[in-house]
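Chain order of the listed sequences is W and Z.
Residue 114 in my numbering sits at position 91 of the first sequence; the count goes up by one each step and never skips.
Residue 191 in my numbering sits at position 168 of the second sequence; the count goes up by one each step and never skips.
Beta carbons are placed, not taken as given, at the ideal position from N, Cα and C, and that holds for glycine.
These numbers come from a predicted model, not from an experiment.
Protein chains: 2
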Amino acid sequence: MLEVEIKAHVSDFKPIKTRLSEIGAREKKFEHQVDVYFNAPHKDFAQTDEALRIREIPRDKGSEIILTYKGAKLDDKSKTRREIEVKIDDKENTASILENLGFKAVRTIKKDRIIYIYQDYIITLDKVYDVGNFVEIEKDIKEGENYQEILDKIFEISQDLGIDDGFERRSYLELLELNKKL
Amino acid sequence: MLEVEIKAHVSDFKPIKTRLSEIGAREKKFEHQVDVYFNAPHKDFAQTDEALRIREIPRDKGSEIILTYKGAKLDDKSKTRREIEVKIDDKENTASILENLGFKAVRTIKKDRIIYIYQDYIITLDKVYDVGNFVEIEKDIKEGENYQEILDKIFEISQDLGIDDGFERRSYLELLELNKKL
Numbered sequence: 024m025l026e027v028e029i030k031a032h033v034s035d036f037k038p039i040k041t042r043l044s045e046i047g048a049r050e051k052k053f054e055h056q057v058d059v060y061f062n063a064p065h066k067d068f069a070q071t072d073e074a075l076r077i078r079e080i081p082r083d084k085g086s087e088i089i090l091t092y093k094g095a096k097l098d099d100k101s102k103t104r105r106e107i108e109v110k111i112d113d114k115e116n117t118a119s120i121l122e123n124l125g126f127k128a129v130r131t132i133k134k135d136r137i138i139y140i141y142q143d144y145i146i147t148l149d150k151v152y153d154v155g156n157f158v159e160i161e162k163d164i165k166e167g168e169n170y171q172e173i174l175d176k177i178f179e180i181s182q183d184l185g186i187d188d189g190f191e192r193r194s195y196l197e198l199l200e201l202n203k204k205l
Numbered sequence: 024m025l026e027v028e029i030k031a032h033v034s035d036f037k038p039i040k041t042r043l044s045e046i047g048a049r050e051k052k053f054e055h056q057v058d059v060y061f062n063a064p065h066k067d068f069a070q071t072d073e074a075l076r077i078r079e080i081p082r083d084k085g086s087e088i089i090l091t092y093k094g095a096k097l098d099d100k101s102k103t104r105r106e107i108e109v110k111i112d113d114k115e116n117t118a119s120i121l122e123n124l125g126f127k128a129v130r131t132i133k134k135d136r137i138i139y140i141y142q143d144y145i146i147t148l149d150k151v152y153d154v155g156n157f158v159e160i161e162k163d164i165k166e167g168e169n170y171q172e173i174l175d176k177i178f179e180i181s182q183d184l185g186i187d188d189g190f191e192r193r194s195y196l197e198l199l200e201l202n203k204k205l
């Protein structure tokens, strides 16, 4: 799967929420997400621009756990990249398998995410702990499909939302690492 | 978790089944299992005696999929080793994540397994395609627990079943590799 996506840093969600309502975007759900990122024993994902993550989303009955691989970004203006996900039934055992294989947990990112649906697109408002507030606009497509038109449409939507600067291609992990170093 | 286990090659399941019935073991279920084994990009599991496997067990409604890591064997008379398992919701995506991380699918093992329960022990009769017929006797315990007594009891059960030779510490994967080379 290809995740066609842009992200922008925003200071305030209020005007974005107003615009989302005006253009007819539908607020779908709120999630608290706890993401543990791993690095590999045989290469440095910070160099290869890959990511391996276990996400936990607390639900009313237990948590949803997702293992995700992300490939290197495909262009220099968006965050578009390969993304592969599986649902798993146990967070600790998955972490333990990865650690036994030589992968190391390097950082945990926590965020509160409000998810909107607009046409075929997913728009999320992310309050990322120790990092800041961000808007992501995304569409998932099959690999091999041309994503340029979709990316153009995504930038149009961002204009519609009043977002014309603050674009950010670095991951929350990279931004958190940067904050920790400052 | 620690998988305390022995395995023996047998020519015929019939006398074993008779003995299982006589000692009061309960036939629990039959499973067809398809196991895909992976090797690592940064070490050779054949050398380190580790294993990484995706198991598919077809069920009436869809398949059960399990990702398993096995550590090196802990002694020289049994197959006792660390085992960590998670259930996953998609076989192809899990294989794709592993392949993107540099792991390579090396071999597929298919078997028909009849699972018996006897006291706290699991006894399985495995018809392994292109390898042969095997009996496994197993108990899963917590790591750190002393497994010697359990292993003694497992060898006692094997005596009870009339199994006193044909013990095999090599994995089905190793045995299949060997057959393919002959």
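What whole-angstrom Cβ distance do residue i and residue j have, given they're in contact under 8 Å?
{"i": "H32 (chain W)", "j": "F157 (chain W)", "result": "6 Å"}
{"i": "K51 (chain Z)", "j": "I138 (chain Z)", "result": "5 Å"}
{"i": "R136 (chain Z)", "j": "T147 (chain Z)", "result": "5 Å"}
{"i": "F190 (chain W)", "j": "I29 (chain W)", "result": "6 Å"}
With DSSP as the reference, label residue i as helix, strand or coil.
{"i": "R49 (chain W)", "result": "strand"}
{"i": "F178 (chain Z)", "result": "helix"}
{"i": "F157 (chain W)", "result": "strand"}
{"i": "L184 (chain W)", "result": "coil"}
{"i": "K165 (chain Z)", "result": "coil"}
{"i": "P81 (chain W)", "result": "strand"}
{"i": "R136 (chain W)", "result": "strand"}
{"i": "Y152 (chain Z)", "result": "coil"}
{"i": "Y170 (chain Z)", "result": "coil"}
{"i": "Y42 (chain Z)", "result": "Before going on, a small fix: residue 42 (chain Z) reads as Arg here, not Tyr. DSSP places R42 (chain Z) in helix when its eight states are reduced to three."}
{"i": "Q70 (chain W)", "result": "helix"}
{"i": "E200 (chain W)", "result": "helix"}
With distance defined between alpha-carbon atoms, name the residue in the options nearest to residue i.
{"i": "K150 (chain W)", "options": "W:D67, W:D99, W:M24 and W:L199", "result": "W:L199"}
{"i": "I46 (chain W)", "options": "W:Y144, W:E168, W:I173 and W:D98", "result": "W:Y144"}
{"i": "V59 (chain Z)", "options": "Z:G167, Z:F126 and Z:K102", "result": "Z:F126"}
{"i": "S194 (chain Z)", "options": "Z:I120, Z:L75 and Z:Y170", "result": "Z:L75"}
{"i": "V109 (chain Z)", "options": "W:I107, W:E115, W:R104 and W:R105", "result": "W:E115"}
{"i": "D153 (chain W)", "options": "W:N62, W:E54 and W:K204", "result": "W:K204"}
{"i": "D112 (chain W)", "options": "Z:S101, Z:E87 and Z:V57", "result": "Z:E87"}
{"i": "Q56 (chain W)", "options": "W:L201, W:L184, W:I132 and W:E166", "result": "W:I132"}
{"i": "P64 (chain Z)", "options": "W:L124, W:P38 and W:R192", "result": "W:L124"}
{"i": "L90 (chain W)", "options": "W:F190, W:D83 and W:T117", "result": "W:T117"}
{"i": "E106 (chain W)", "options": "W:E73, W:N62 and W:A128", "result": "W:E73"}
{"i": "Q142 (chain Z)", "options": "Z:E166, Z:A69, Z:L43 and Z:S101", "result": "Z:L43"}
{"i": "F53 (chain Z)", "options": "Z:R82, Z:T71, Z:E28 and Z:F61", "result": "Z:R82"}
{"i": "L184 (chain W)", "options": "W:V27, W:T103, W:M24 and W:D35", "result": "W:D35"}
{"i": "V27 (chain Z)", "options": "Z:N202, Z:T71, Z:Q182 and Z:K102", "result": "Z:K102"}
{"i": "E197 (chain Z)", "options": "Z:I140, Z:I77 and Z:Q70", "result": "Z:Q70"}
{"i": "L25 (chain Z)", "options": "Z:L201, Z:D188 and Z:Q171", "result": "Z:Q171"}
{"i": "R49 (chain Z)", "options": "Z:D187, Z:K37, Z:G167 and Z:I140", "result": "Z:I140"}
{"i": "L128 (chain Z)", "options": "Z:D67, Z:K165, Z:N202 and Z:D98", "result": "It should be pointed out that residue 128 (chain Z) corresponds to Ala in this sequence rather than to Leu. For A128 (chain Z), the nearest C-alpha among the options comes from Z:D67."}
{"i": "L201 (chain W)", "options": "W:I180, W:E168, W:K176 and W:G155", "result": "W:G155"}
{"i": "S119 (chain W)", "options": "Z:E166, Z:D188 and Z:K176", "result": "Z:E166"}
{"i": "R192 (chain Z)", "options": "Z:D99, Z:Q182, Z:K134 and Z:E122", "result": "Z:D99"}
{"i": "E168 (chain Z)", "options": "Z:E79, Z:R104, Z:K134 and Z:N62", "result": "Z:R104"}
(Q) For the structure I just gave you, are there three or more beta carbon pairs, one from the region 89 to 98 of chain W and one from the region 155 to 169 of chain W, closer than 8 Å? (A) Flag = no, the region 89 to 98 of chain W and the region 155 to 169 of chain W do not touch.
Q. What residue ranges within the region 84 to 125 of chain Z form continuous alpha helix (DSSP H) runs of no fewer than 4 residues, ordered along the chain?
A. The region 84 to 125 of chain Z contains these whole alpha helix (DSSP H) runs: 114 to 123.
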